Amino acid sequence: MAEPRRLLVAITGASGAVYGWRLLQVLATVPGVETHAVVSDAGWLTLQHELGLQAHDLRPLAHTLHDAAHVGAGPASGSFRCAGMVVAPCSMRTLAAIANGLSDNLITRAADVMLKERRRLVLMARETPLHLGHLRNMTAVTEMGAILAPPMPAFYLRPQTVDDLVDASVARVLDLLDVPHSLSSRWQGLERAPA
Numbered sequence: 227m228a229e230p231r232r233l234l235v236a237i238t239g240a241s242g243a244v245y246g247w248r249l250l251q252v253l254a255t256v257p258g259v260e261t262h263a264v265v266s267d268a269g270w271l272t273l274q275h276e277l278g279l280q281a282h283d284l285r286p287l288a289h290t291l292h293d294a295a296h297v298g299a300g301p302a303s304g305s306f307r308c309a310g311m312v313v314a315p316c317s318m319r320t321l322a323a324i325a326n327g328l329s330d331n332l333i334t335r336a337a338d339v340m341l342k343e344r345r346r347l348v349l350m351a352r353e354t355p356l357h358l359g360h361l362r363n364m365t366a367v368t369e370m371g372a373i374l375a376p377p378m379p380a381f382y383l384r385p386q387t388v389d390d391l392v393d394a395s396v397a398r399v400l401d402l403l404d405v406p407h408s409l410s411s412r413w414q415g416l417e418r419a420p421a
């Protein structure tokens with residue numbers, strides 16, 4: 227029997243906790259995927275404030291809900307063999323820690339592991355406007371192999387609800403992880419206008 231494909235979802239304190247929540251909901255339905263989750267202290271505050279969620283709401287969606295302070299947990303080691311990690315949303319504090327190799331909690335340590343093992347790391351960075359420090363950190367993580375995927379609305383898909391906007395961004399992340407989904411329609415191109 228094939229081993230399940232492990233994916234790690236981290237939720238930090240930036241606004242947009244719904245992205246991590248929705249990603250966990252979708253991954254929980256994908257056969258052959260073993261989802262692990264970790265939430266920072268600020269991430270728990272944002273989950274509570276924006277969505278009214280607690281740990282008991284996330285536990286059923288993940289194989290394991292890890293404590294962000296437990297830097298000895300499985301995802302802290304390259305031998306744990308996570309196929310991919312998404313930080314959704316990724317705060318500028320977490321981005322800075324990853325960019326500078328500060329493995330000061332399980333989220334930043336696991337991200338560091340993904341980079342050193344050359345595995346897929348996707349950061350749904352959430353902030354606006356951006357200052358030069360943010361941009362330099364984004365450049366640094368990109369040069370190390372991470373993928374920055376800020377949640378940007380795709381209005382060409384003609385979203386009707388906020389859920390449509392969230393699903394479109396989550397769908398892009400699932401594509402980056404090579405996880406099949408039917409969250410949003412795919413662009414088929416426009417018919418060429420007659421001359």
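Numbering (the numbering used here), first residue to last: 227 to 421. Quick reminder that beta carbons are idealized off the backbone N, C-alpha and C, glycines included. Note that this is a predicted model, so its numbers are computed, not measured.
Leu391: member of the alpha helix (DSSP H) spanning 388-402, first to last residue. According to the DSSP assignment, Thr290 belongs to the beta strand (DSSP E) that extends over 290-293. Between Gly242 and Met311, the CB-CB gap reaches or exceeds 9 Å. Taken in chain order, the unbroken stretches of beta strand (DSSP E) that lie wholly in the region 228-301 and span 3 residues or more are 231-237, 259-265, 290-293. A straight-line Cα-Cα distance of about 45 Å links Leu250 and Pro420. The Cβ-Cβ distance between Val339 and Ala302 falls below 9 Å.
When the five nearest sequence neighbours on each side are left out, the beta carbons in the same chain lying within less than 7 Å of the beta carbon of Val244 are those of Glu276, Leu277, Val392, in order along the chain.
Apart from sequence neighbours up to five positions away, the residues of its chain that approach Ala372 with a beta-carbon distance below 6 Å are Leu347, Leu349, ordered along the chain. The C-alpha of Met364 is placed about 7 Å away from the C-alpha of Leu374. Excluding residues up to 5 positions away in sequence, Leu291 lie with their Cβ nearer than 6 Å to the Cβ of Arg285 in the same chain.
Scanning Pro385, Leu341, His282 for the CA closest to the CA of Thr368 turns up Leu341.
In the structure shown, the three-state DSSP call for Gly359 is helix. The beta carbon of Glu260 lies closer than 6 Å to those of Pro230, Arg232, His289 in the same chain, with the five residues before and after it left out. With contacts defined as CB atoms closer than 9 Å, Cys308 and Leu234 qualify as a contacting pair.
Per DSSP, reduced to three states, the secondary structure at Leu349 is strand. Between Val265 and Val396, the C-beta spacing is not below 9 Å.
Taken atom to atom, the span from the alpha-carbon of Glu343 to that of Asp283 is near 31 Å.
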